Amino acid sequence: GEKKRKRKLDDAVAADSPSNRNIKVARSMSAAPDAHNGLQKDSEVAYRLPKQKSSEGMWIQCIIVGIVGDGNKRKYEVQDPEPDEAGGHGTTYKASASALIPIPKESAGLSPYPIGRQVLARYPETTTFYRAEVMGTKANGTCRLKFEGEEEVGKETEVERRLVLDVGNK
């Protein structure tokens, strides 16, 4: 009776095969409203510009001005708030969700980052985000950061908490 027993095992494996599991996961993701990921029209986001040959893609602060398409094909139209050289509207880009990180509307209620965490933070007086390391958090929630490539040794920069983003694996 060796053969019979083996077949039973195979059936059990098939029922719990990865392909079955994936269907469930995909469905629950598409059913959820978009609001939870913060990518809605008029939301502020950090947008990763397409990589140039010389450097990794830069992140800039943008506003979502439109959402096109659905599901995996969805694209977000994001606009650079800075006017262009001619004083016209800022450039508009089409971005996929993977190139965007939502910027929280306010700093209140955001938990502090652990010291040493690698983050993406908006450099003061610019609309560009750079990689930085968290050096500490002030009582009001403002982050003390050391920006990557900062020329001054030991210089710390304070950045409003909502403009300090967890890059995770981006």
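Here the sequence shown is numbered in my numbering, starting from 1 and rising by one per residue. Glycine is no exception: its CB is placed at the ideal position from the N, C-alpha and C atoms. Source: prediction; values computed, not measured.
So which of 158, 50, 111 and 92 has the shortest CA-CA distance to residue 82? For the purposes of this step, residue 82 is identified with residue 82 of the sequence shown, where counting begins at 1. Considering only 158, 50, 111 and 92, the residue with the shortest C-alpha distance to residue 82 is 92.
Within a Cβ cutoff of 6 Å, which residues of the same chain sit near residue 152, ignoring the five residues on either side of it in sequence? The residue labelled residue 152 in the question sits at position 152 within the sequence shown. In the same chain as residue 152, and ignoring 5 residues on each side of it, no C-beta atom comes closer than 6 Å to its own.
Count the other C-beta atoms from every protein chain shown that fall within 10 angstroms of the C-beta of residue 168, then say buried if there are 16 or more, exposed otherwise. Position 168 of the sequence shown, counted from the start, is the residue given in the question as residue 168. Exposed, by the Cβ-count rule.
Proximal residues to residue 115 (C-beta, below 7 Å), its chain only, five neighbours per side dropped: As a first step, residue 115 must be located in the sequence shown, where it is residue number 115. Excluding residues within five positions, the ones whose Cβ falls inside 7 Å are 134, 135 and 136.
Pick from 95, 160 and 108: whose alpha carbon is nearest that of residue 124? Indexing the sequence shown from 1 puts residue 124 at position 124. When only C-alpha atoms are compared, the closest one is 160.
Less than 9 Å between the beta carbons of residue 64 and residue 39, yes or no? Mapped onto the sequence shown, residue 64 falls at position 64. Mapped onto the sequence shown, residue 39 falls at position 39. Going by C-beta atoms, residue 64 is nearer than 9 Å to residue 39.
When you compare only the Cα positions, how much space is there between residue 74 and residue 143? Here the question's residue 74 lines up with position 74 in the sequence shown. Here the question's residue 143 lines up with position 143 in the sequence shown. One C-alpha to the other measures close to 33 Å.
Could you spell out the range, first to last residue, of the beta strand (DSSP E) harbouring residue 166? One-based indexing of the sequence shown puts residue 166 at position 166. Unbroken beta strand (DSSP E) run through residue 166: 164-166.
Can you give the Cα-Cα distance for residue 46 and residue 96, rounded to whole angstroms? Start at 1 with the first residue of the sequence shown, and residue 46 comes out as number 46. Start at 1 with the first residue of the sequence shown, and residue 96 comes out as number 96. If I take the Cα positions, the gap works out to 12 Å.
For residue 86, write down the residues that DSSP places opposite it in a beta bridge. By one-based count along the sequence shown, residue 86 stands at place 86. None; residue 86 has no bridge partner.
Quick check: what's the CA-CA separation for residue 66 versus residue 94? Position 66 of the sequence shown holds residue 66. Position 94 of the sequence shown holds residue 94. For residue 66 and residue 94, the distance between alpha carbons rounds to 9 Å.
Where does residue 68 land, buried or exposed, given buried means 16+ other C-beta within 10 angstroms? Residue numbering aside, residue 68 sits at position 68 when the sequence shown is read from its first letter. Answer is exposed; the Cβ neighbour count stays below 16.
Whose CA, out of 79, 52, 48 and 86, lies closest to the CA of residue 41? Here the question's residue 41 lines up with position 41 in the sequence shown. With distances taken between CA atoms, residue 41 lies nearest to 79 out of 79, 52, 48 and 86.
Run through DSSP, which three-state label would residue 161 get? As a position in the sequence shown, residue 161 is number 161, starting the count at 1. In the three-state reduction of the DSSP assignment, residue 161 falls in the helix class, which pools H, G and I.
Measuring only the C-alpha atoms, how far is residue 107 from residue 141? Reading the sequence shown from its first residue, position 107 is the one you call residue 107. Reading the sequence shown from its first residue, position 141 is the one you call residue 141. Rounded to the nearest whole angstrom, the C-alpha separation of residue 107 and residue 141 is 7 Å.
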